[in-house]
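Number of protein chains: 4
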Amino acid sequence: MSEVKGFLFPRTATGASSLLPAPPWHYSGAMLTLEYRTDPSAVAELLPAPLEVADDDPGAVAVIWADWQSCSDSFEELVDPVRAQYLEAFVVTRCKYQGRHYSRCLFIWVDRDYAMVRGHHQGYPKKLGSVHLTRPVSVGKAGPRLEPGGRFGATLAAYDRRLVEARFTITQPSDDAGFVNALPMVHHRWMPAIESDGTDSVGELVTMSGYDAEVGRTFAGDFEIALFDSPVEELARLQPRELIGGYWREIGVSWRGGTTLERRTAPAIG
Amino acid sequence: MSEVKGFLFPRTATGASSLLPAPPWHYSGAMLTLEYRTDPSAVAELLPAPLEVADDDPGAVAVIWADWQSCSDSFEELVDPVRAQYLEAFVVTRCKYQGRHYSRCLFIWVDRDYAMVRGHHQGYPKKLGSVHLTRPVSVGKAGPRLEPGGRFGATLAAYDRRLVEARFTITQPSDDAGFVNALPMVHHRWMPAIESDGTDSVGELVTMSGYDAEVGRTFAGDFEIALFDSPVEELARLQPRELIGGYWREIGVSWRGGTTLERRTAPAIG
Amino acid sequence: MSEVKGFLFPRTATGASSLLPAPPWHYSGAMLTLEYRTDPSAVAELLPAPLEVADDDPGAVAVIWADWQSCSDSFEELVDPVRAQYLEAFVVTRCKYQGRHYSRCLFIWVDRDYAMVRGHHQGYPKKLGSVHLTRPVSVGKAGPRLEPGGRFGATLAAYDRRLVEARFTITQPSDDAGFVNALPMVHHRWMPAIESDGTDSVGELVTMSGYDAEVGRTFAGDFEIALFDSPVEELARLQPRELIGGYWREIGVSWRGGTTLERRTAPAIG
Amino acid sequence: MSEVKGFLFPRTATGASSLLPAPPWHYSGAMLTLEYRTDPSAVAELLPAPLEVADDDPGAVAVIWADWQSCSDSFEELVDPVRAQYLEAFVVTRCKYQGRHYSRCLFIWVDRDYAMVRGHHQGYPKKLGSVHLTRPVSVGKAGPRLEPGGRFGATLAAYDRRLVEARFTITQPSDDAGFVNALPMVHHRWMPAIESDGTDSVGELVTMSGYDAEVGRTFAGDFEIALFDSPVEELARLQPRELIGGYWREIGVSWRGGTTLERRTAPAIG
Chain A
200 MSEVKGFLFP RTATGASSLL PAPPWHYSGA MLTLEYRTDP SAVAELLPAP
250 LEVADDDPGA VAVIWADWQS CSDSFEELVD PVRAQYLEAF VVTRCKYQGR
300 HYSRCLFIWV DRDYAMVRGH HQGYPKKLGS VHLTRPVSVG KAGPRLEPGG
350 RFGATLAAYD RRLVEARFTI TQPSDDAGFV NALPMVHHRW MPAIESDGTD
400 SVGELVTMSG YDAEVGRTFA GDFEIALFDS PVEELARLQP RELIGGYWRE
450 IGVSWRGGTT LERRTAPAIG
Chain B
200 MSEVKGFLFP RTATGASSLL PAPPWHYSGA MLTLEYRTDP SAVAELLPAP
250 LEVADDDPGA VAVIWADWQS CSDSFEELVD PVRAQYLEAF VVTRCKYQGR
300 HYSRCLFIWV DRDYAMVRGH HQGYPKKLGS VHLTRPVSVG KAGPRLEPGG
350 RFGATLAAYD RRLVEARFTI TQPSDDAGFV NALPMVHHRW MPAIESDGTD
400 SVGELVTMSG YDAEVGRTFA GDFEIALFDS PVEELARLQP RELIGGYWRE
450 IGVSWRGGTT LERRTAPAIG
Chain C
200 MSEVKGFLFP RTATGASSLL PAPPWHYSGA MLTLEYRTDP SAVAELLPAP
250 LEVADDDPGA VAVIWADWQS CSDSFEELVD PVRAQYLEAF VVTRCKYQGR
300 HYSRCLFIWV DRDYAMVRGH HQGYPKKLGS VHLTRPVSVG KAGPRLEPGG
350 RFGATLAAYD RRLVEARFTI TQPSDDAGFV NALPMVHHRW MPAIESDGTD
400 SVGELVTMSG YDAEVGRTFA GDFEIALFDS PVEELARLQP RELIGGYWRE
450 IGVSWRGGTT LERRTAPAIG
Chain D
200 MSEVKGFLFP RTATGASSLL PAPPWHYSGA MLTLEYRTDP SAVAELLPAP
250 LEVADDDPGA VAVIWADWQS CSDSFEELVD PVRAQYLEAF VVTRCKYQGR
300 HYSRCLFIWV DRDYAMVRGH HQGYPKKLGS VHLTRPVSVG KAGPRLEPGG
350 RFGATLAAYD RRLVEARFTI TQPSDDAGFV NALPMVHHRW MPAIESDGTD
400 SVGELVTMSG YDAEVGRTFA GDFEIALFDS PVEELARLQP RELIGGYWRE
450 IGVSWRGGTT LERRTAPAIG
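Set out below in structure tokens:
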């Protein structure tokens with residue numbers, strides 16, 4: 200009988216095969232945040248108990264694209280960039296738990312397996328998708344400059360269907376990047392029992408934040424966004440009623456862990 | 200406060216967004232199984248307590264490629280085949296638990312997100328990979344016939360590195376498809392706590408089998424296999440010492456759930 | 200000064216790097232052919248002089264999915280299947296040239312570079328796409344049987360947009376697989392001059408057929424099809440007015456070369 | 200009979216389906232150039248007549264990664280970034296033609312169809328590959344800063360085999376980015392006859408340069424590089440004997456066309 204190591208499966212004698220290296224994980228990249236108001240009831244139906252809708256502006260959501268490099272504390276991923284670079288697109292709203300407000304990820308797509316499963320660890324309901332975001336450039340004609348008039352596109356597709364497309368134009372420098380994704384996150388982590396009997400082996404409510412956040416250049420702007428239908432997605436239920444504002448920001452952050460707020464488990468066995 | 204539905208995340212008011220539809224799941228496809236003996240200690244180090252090495256032939260492993268279509272009970276995936284078709288490659292050994300022998304998946308790669316996460320539910324330590332397996336044909340020159348002399352290739356890559364390549368040649372019809380992957384599976388399901396403190400929110404030992412298995416044409420044959428190194432894989436520790444035999448088989452099977460043999464959980468909170 | 204070899208670029212001392220091995224090329228696979236009538240003027244506008252519309256049924260088109268294995272005369276690709284397997288989807292019509300009728304490919308997408316460039320050699324206007332086609336199975340529940348009632352899906356996407364989706368249901372065995380794609384092909388091969396001045400270095404009208412065609416199981420059936428829009432595609436101009444019929448067929452064929460019917464070249468230089 | 204439009208196939212009544220929009224094409228991005236000396240005879244064998252080896256330093260080659268955004272004069276691609284972003288990796292040497300020195304691309308891989316075929320138009324022998332290059336960042340820990348000590352990785356794979364991996368560390372700012380890729384390009388454009396009889400419909404020697412080149416931040420540094428084997432590549436014949444130097448540079452450039460130096464054509468027909 201052996202002991203096995205590894206932050207995640209497959210666990211081995213050395214731990215080297217783990218789909219995820221142990222935290223901390225470091226992230227550097229750019230985020231495009233597009234905030235708008237949708238029907239508050241479309242948000243409410245996505246907030247399971249004990250979460251409640253936010254007191255103010257309960258229909259506010261943010262659709263966010265992030266273009267990341269990330270790595271473990273070994274920093275080895277950064278010199279084998281196929282293991283470091285990924286994009287993700289996600290939808291966030293705010294909610295209330297025990298009288299305190301949090302940000303909450305409703306839907307999220309990412310383009311690498313490690314980033315997907317890392318999200319599952321954190322409580323993000325990640326699927327794979329095809330995510331694209333225009334990058335700013337400093338020379339030549341093939342990209343926006345980080346200045347008023349700079350124009351970006353952002354798209355998301357999954358299973359060969361385009362789900363979102365958006366265009367953003369910088370209007371001015373900004374000190375912030377919106378309010379919807381600005382709070383500590385509150386996520387559910389669910390693991391259905393293998394009996395597939397409708398019960399969960401564990402259901403957790405967790406909260407988490409990054410640390411050592413460092414913000415770089417930040418700009419506000421105008422945007423347009425279109426959400427499309429799919430037989431296996433419900434993003435189109437979150438159609439915009441009123442646009443709030445868009446933001447492009449450089450950001451660096453690290454993540455080590457979160458805190459379990461509630462945990463319910465199936466009975467111990469064996 | 201709302202109720203949300205869905206077998207897996209993201210859970211919504213309708214359940215339609217779940218990355219996985221509820222079981223049962225149905226599978227039809229072809230499997231190539233290559234059995235060989237490796238150093239038994241290389242197998243033993245991958246079997247965490249309470250698992251023990253198999254009594255007989257403890258170094259026997261099978262490297263398996265499967266070319267699947269799968270679907271839920273709605274069968275809708277079959278007419279949107281981007282949601283139904285995937286390939287996987289995996290390594291299986293046998294082990295013993297409480298005096299009974301089981302099959303055990305050591306490593307596995309798959310090329311679709313739903314198949315990856317479905318595997319996580321079942322206890323398979325799935326990563327994404329690029330998996331290829333020659334298909335038999337019935338007309339033309341571009342493929343083997345299902346008859347002696349039919350020649351197949353099978354490869355696996357992940358993160359832009361080839362990990363395995365194999366070639367198989369049919370020698371004769373066969374009634375079976377080897378012995379290593381022939382037992383009920385025993386898997387660990389691990390979910391690290393979000394505190395990332397080295398503890399698991401839940402650790403389970405589960406067993407599972409399919410039902411309504413239906414086998415089609417089956418052939419035995421000779422093979423060669425090469426395992427390559429990667430900084431994030433340990434497959435190359437399972438180098439073959441002695442080849443046992445190879446098998447190609449058509450198979451259909453359904454899966455509804457498994458049984459939790461042992462469950463240890465972190466304390467309930469909240 | 201060296202001599203370089205290779206059917207296509209990059210040409211080297213050995214020829215081993217050529218993106219394409221020299222013909223002949225062998226193909227085995229399955230084709231789904233969906234024939235319908237569209238507005239004849241939408242076909243006519245895609246037939247450049249000296250091609251003319253077909254005498255009979257000038258609005259008939261076929262949308263075809265093919266799930267191939269292919270290889271060169273070395274047959275080495277078949278045991279490294281990442282180099283042998285690909286899918287393509289294409290649209291064919293009939294046309295007339297010098298009083299004789301031909302089949303003509305209007306649009307085509309494929310999912311591998313060698314297949315794309317091989318098509319360019321043959322005169323097919325290939326782009327990359329994501330192509331999926333349900334496969335028949337012989338065991339289990341996750342796929343159609345090759346018999347009446349067997350139901351297939353077929354889809355095409357490019358640049359993250361779904362362009363076509365279709366469903367086909369077998370009604371009966373068939374001796375043929377339609378009439379639109381049944382004639383020798385007539386293609387244009389155009390190579391714009393590097394001066395990018397609107398002239399072509401060479402413009403050819405070519406004809407080609409496979410040889411050693413071998414047909415396997417063939418079925419006719421009913422279908423539905425939907426064509427979607429994209430800013431860089433014009434498939435949606437070929438909307439169906441009347442469905443003709445659908446066919447699923449196993450096919451094997453080889454290809455060695457074609458015949459140049461017309462060639463116009465820019466002046467020789469140097 | 201119709202007229203059809205479009206810079207490249209498929210040509211249609213509107214031209215909107217062309218795999219390539221008409222030039223000019225604009226590019227903005229970052230290039231990593233790693234220069235070293237290989238066996239001059241390995242270079243010589245890749246230079247077909249009438250090209251000759253360079254007078255000085257005939258074994259010097261550059262392996263280059265480029266991380267691009269590109270667009271046409273419509274600039275529409277920039278707001279649908281799946282149509283604008285791509286990476287490429289290529290190998291360049293110098294050569295001599297009629298007494299004048301040029302740069303020459305020996306091998307090249309790219310990850311999008313439009314970029315591949317655009318390269319074919321320009322004379323680059325492009326294949327598809329999986330190309331990755333670390334990006335510099337300005338905040339956070341997950342990426343190098345553009346300053347001494349900044350460390351980058353660069354990799355290339357094709358058909359599930361890693362072909363090149365390299366690591367580069369900035370040592371100092373630089374005014375130039377090497378000498379191997381600094382000259383006008385000289386390329387062959389070959390189009391084999393469809394008769395597949397070993398003749399070319401057209402064979403051209405062309406030269407080309409970009410215009411409106413704009414260089415941004417530029418750094419020199421140290422590097423290591425490893426070239427791996429593949430049954431369908433010959434990159435490993437260009438093993439380094441002596442490293443020269445590495446360079447990272449931001450660059451913007453536009454391209455409108457080139458000049459045909461020599462053209463030999465098969466006889467006109469029809």
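Protein chains in written order, with the working numbering: chain A, 200 to 469; chain B, 200 to 469; chain C, 200 to 469; chain D, 200 to 469. Backbone N, C-alpha and C fix where the C-beta goes; we use that ideal spot for every residue, glycine too. No experiment lies behind these values; they were computed from the predicted model shown.
- Judged by DSSP secondary structure, A241/A falls within the alpha helix (DSSP H) whose first and last residues are 239–243.
- Look at the segment 354–365 of chain C: the residues with a C-beta under 7 Å from a C-beta of chain A are T354, A356, D359, R360, R361.
- The shortest CA-to-CA distance from Y323/A to any of W447/A, G445/A, G342/A, L305/A is the one to L305/A.
- Contact between W224/A and R317/A is confirmed by a C-beta separation of about 7 Å, below the 8 Å threshold.
- Here V379/D carries a coil assignment [DSSP, helix/strand/coil].
- Between G445/D and A465/D the beta-carbon gap is near 44 Å, outside 8 Å, which marks them as no contact.
- Distance between S395/C and E433/A, taken at the CA atoms: about 46 Å.
- Going by C-alpha positions, R440/A is about 11 Å away from E234/A.
- Residue pairing from DSSP places E441/C in a beta bridge opposite R236/C.
- Of all residues in the segment 321–346 of chain B, those with a C-beta nearer than 8 Å to a C-beta of chain D are S329, H331, reading in chain order.
- Rounded to whole angstroms, the gap between the alpha carbons of R463/C and Q438/C is 34 Å.
- Uninterrupted beta strand (DSSP E) stretches at least 3 residues long and entirely within the segment 377–419 of chain C occur at 384–391, 399–407, given in chain order.
- Between the segment 234–244 of chain C and the segment 252–266 of chain C there are three or more C-beta pairs closer than 8 Å, enough to call the two in contact.
- In summary, the residues of the segment 384–407 of chain D whose CB is separated from some CB of chain C by less than 8 Å are H387, R388, W389, M390, P391, A392, I393, E394, S395, D396, S400, V401, E403, L404, V405, M407, in the order they occur in the chain.
- Interface flag for Y226/C against chain B is set, since a Cβ pair is found closer than 8 Å.
- With fewer than 16 other beta carbons inside 10 angstroms of its own, Y410/D counts as exposed.
- Separation of L286/D and Q297/C (C-alpha to C-alpha, rounded to the nearest whole angstrom) is 45 Å.
- For D312/C, there is no enclosing beta strand (DSSP E); the residue is found in the alpha helix (DSSP H) stretching over 312–321.
- Around the beta carbon of P372/B, fewer than 16 other beta carbons lie within 10 angstroms, which makes this residue exposed.
- Residue pairing from DSSP places T354/B in a beta bridge opposite H331/B, E364/B.
- In this structure, the beta-carbon distance from A261/D to V281/D does not fall below 8 Å.
- Under the Cβ criterion (8 Å, minimum of three pairs), the segment 365–384 of chain A does not count as touching the segment 207–222 of chain A.
- Distance from the CA of E364/C to the CA of T211/D, rounded to the nearest whole angstrom, comes to 22 Å.
- Under the 10 Å beta carbon count, R299/D is surrounded by fewer than 16 other beta carbons and is classified as exposed.
- V290/C: member of the beta strand (DSSP E) spanning 284–296, first to last residue.
- The Cβ-Cβ distance between G339/A and V452/D falls below 8 Å.
- For the segment 276–298 of chain D, the residues whose beta carbon sits under 8 Å from a beta carbon of chain C are, in order, D279, V281, R282.
- Residue environment for S273/C: exposed (fewer than 16 other C-beta atoms within 10 angstroms of its C-beta).
- A Cβ of chain C is located within less than 8 Å of the beta carbon of L245/D.
- Distance between G348/C and Y358/C, taken at the CA atoms: about 33 Å.
- Within 7 Å of the CB of G415/D, the CB atoms of chain A belong to S337, V338, in sequence order along the chain.
- Just measuring C-alpha positions, the residue of E276/B, A253/B, S302/B sitting nearest V385/B is S302/B.
- Among the residues of the segment 431–458 of chain C, those with a Cβ less than 9 Å away from any Cβ of chain B are E449, I450, G451, V452, S453, in the order of the chain.
- Annotation for I263/A: the continuous beta strand (DSSP E) segment containing it runs 259–271.
- Between the alpha carbons of D421/B and R366/B lies a distance of about 8 Å.
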